[in-house]
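Each remark here refers to the structure printed beneath this line.
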Amino acid sequence: MSAVNDFLENIDEQDLRAAVAEIKQVHATGILPDGVVRRLTRGLVDRTRIPTAEARDVVEKAVLRMAAFRWAGV
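When we follow my numbering, the leftmost residue of the sequence shown carries the number 15, and every step to the right adds one.
This is how it looks when you write it as structure tokens:
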């Protein structure tokens, strides 16, 4: 999992905020826009060769976890 962590830990603040907004949108509409989450998912698939659906799940969870930790100051 360290390749995954290394890849996802480097998300900048602007991308993190955009990704959180995209996740909120997908939960409201069922449609994931072509944006940060899709880009990070493709990057994770390219880097680790895990299946796309699994990579997207990993990306969504990582984005929400990182946002919570950063914005809570922990």
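The beta-carbon is built from N, C-alpha and C at its ideal position, and this holds for glycine as well.
The DSSP-derived three-state label of Asp29 is helix. About 7 Å separates the Cβ atoms of Ala33 and Leu54, confirming a contact at the 8 Å cut-off.
DSSP assignment within the region 46–87 yields the following whole alpha helix (DSSP H) runs of 4 residues or more, N-terminal first: 50–62 and 66–86.
Taking the Cα of Glu74 as reference, the smallest distance to any Cα among Asp48, Arg52 and Ala42 is reached at Arg52. Distance between Ala17 and Leu58, taken at the CA atoms: about 9 Å.
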